[in-house]
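Residue numbers (the working numbering): 57 to 224. By construction, the Cβ of each residue, glycine as well, lies at the ideal position given by its N, Cα and C atoms. Here's the structure, in structure tokens; my notes come after.
So this is what it looks like as structure tokens:
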């Protein structure tokens, strides 16, 4: 057989294979991390800083106190905003990603318990349904279990330190 035919055959076998490759795993983890980071940074920045036309800390505090029944509302809004904003950054960059992802899972579980569960899986009520909470928690759980993959700052720092180069 010619070399071209062998290459085509090999490529076709790889496409049909159900075995996970390291590269595919790392690309999938990176895609999940970017999606989670985008969503959580957006919401965290809105809570902490009023970014993107969101209510800001005071508005979220009122929501937490009155709708989620979490008091003091300012404390819980601040904690939620910090978890979402800095957790999103950490997951996106891959810095302490497993810990950050686990906190995001907890954030979504709390959102379901306090606000969205009573609305059902899909709802137009205040706080909406819990379908997005489940999806975000599941994606964050993937990162919490599998880690951030090779395309992360954690791996970059680990490799740097393993080579014996220590920052001054």
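Short check: CB of residue i to CB of residue j, under 8 Å?
{"i": "residue 208", "j": "residue 150", "result": "yes"}
{"i": "residue 133", "j": "residue 164", "result": "no"}
{"i": "residue 170", "j": "residue 136", "result": "no"}
{"i": "residue 130", "j": "residue 143", "result": "no"}
{"i": "residue 153", "j": "residue 201", "result": "no"}
{"i": "residue 111", "j": "residue 119", "result": "yes"}
{"i": "residue 93", "j": "residue 145", "result": "yes"}
{"i": "residue 181", "j": "residue 189", "result": "no"}
Please report the distance separating the alpha-carbon of residue i from that of residue j.
{"i": "residue 127", "j": "residue 71", "result": "53 Å"}
{"i": "residue 224", "j": "residue 213", "result": "Here the model assigns residue 224 a pLDDT of 46, short of 50, so the residue's position is not dependable and the matter cannot be decided."}
{"i": "residue 193", "j": "residue 167", "result": "10 Å"}
{"i": "residue 205", "j": "residue 183", "result": "33 Å"}
{"i": "residue 147", "j": "residue 61", "result": "42 Å"}
{"i": "residue 97", "j": "residue 140", "result": "6 Å"}
{"i": "residue 217", "j": "residue 211", "result": "10 Å"}
{"i": "residue 100", "j": "residue 155", "result": "17 Å"}
{"i": "residue 91", "j": "residue 161", "result": "14 Å"}
{"i": "residue 117", "j": "residue 191", "result": "25 Å"}
{"i": "residue 125", "j": "residue 115", "result": "14 Å"}
Report the three-state DSSP secondary structure of residue i (helix, strand or coil).
{"i": "residue 182", "result": "coil"}
{"i": "residue 75", "result": "coil"}
{"i": "residue 224", "result": "Any reading at residue 224 must be qualified, since the residue scores a pLDDT of 46, below 50, and its modelled position is unreliable; no value is offered."}
{"i": "residue 151", "result": "coil"}
{"i": "residue 190", "result": "helix"}
{"i": "residue 204", "result": "coil"}
{"i": "residue 218", "result": "helix"}
{"i": "residue 89", "result": "helix"}
{"i": "residue 126", "result": "coil"}
{"i": "residue 106", "result": "coil"}
{"i": "residue 137", "result": "helix"}
{"i": "residue 169", "result": "helix"}
{"i": "residue 100", "result": "helix"}
{"i": "residue 177", "result": "coil"}
{"i": "residue 64", "result": "helix"}
Start and end of the alpha helix (DSSP H) containing residue i?
{"i": "residue 118", "result": "112 to 122"}
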